[in-house]
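J.: Residue numbers (full-length UniProt numbering): 1 to 159.
Ideal Cβ placement from N, Cα and C applies to all residues, glycine included.
Since this is a predicted model, take the numbers as computed values, not measurements.
Just dropping this structure here.
Next up, the structure:
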């Protein structure tokens, strides 16, 4: 059996990754690092209708939480330091695939946190499940994964 192209490992020192909530924001932040204390930048308020409201850099955002189905888990992962020799270890080349390479790139990701729900945010209004590409993508991906990993029931006629 061949080795996986990407391996997901738990954080060695922590054991089980902490529980978190993933937030998908409709913006790009040109910063990749710590922003402590987070409360000075981000403090969503839950509404009675199941949505959340937050203000980020003066812009009003409305969020809607969606739970992952039973049997699924979300993972926040980072490229491990030990994978620095593989193309996955260089962020500027992550996701770039050399189609002419003899062997596909392999690497290791470290689980930083796990989540069982994510909040998808929209500008001014809550996202519409039928129109939002991220919400539709998550739902369609789960449906596709269930189809390709499902086994058909044996035919009762013996065919």
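Assess, as a yes-or-no matter, whether the stretch 118 to 137 is touched by the stretch 62 to 74 under the definition of 3 or more beta carbon pairs within less than 8 Å.
T.: Enough Cβ pairs lie closer than 8 Å, so yes.
J.: Go to residue 140, then tell me how far its alpha helix (DSSP H) extends in each direction, as first and last residue.
T.: Note, residue 140: alpha helix (DSSP H), 133 to 148.
J.: Taking just the CA atoms, how far does residue 46 sit from residue 127?
T.: If you take the alpha carbons of residue 127 and residue 46, they lie about 15 Å apart.
J.: Would you tell me roughly how many angstroms separate the C-alpha atoms of residue 85 and residue 112, rounded to the nearest one?
T.: The predicted model places residue 85 with a pLDDT of 49, which falls under 50 and marks its position as unreliable, so this point remains unresolved.
J.: Let me make sure I understand the geometry here. Which of 141, 42, 133 and 119 has the alpha-carbon closest to that of residue 21?
T.: The option with the nearest alpha carbon to residue 21 is 119.
J.: Given that a residue counts as buried once 16 or more other Cβ atoms are within 10 Å of its Cβ, and exposed if not, what is residue 129?
T.: Exposed, by the Cβ-count rule.
J.: Can you tell me whether residue 80 is buried or exposed? The criterion is at least 16 other CB atoms within 10 Å of its CB, across all chains shown.
T.: Classification of residue 80: buried, given that the 10 Å Cβ count is 16 or more.
J.: Whole angstroms are fine: how far does the CA of residue 41 sit from the CA of residue 30?
T.: In a straight line, the C-alpha of residue 30 is about 15 Å away from that of residue 41.
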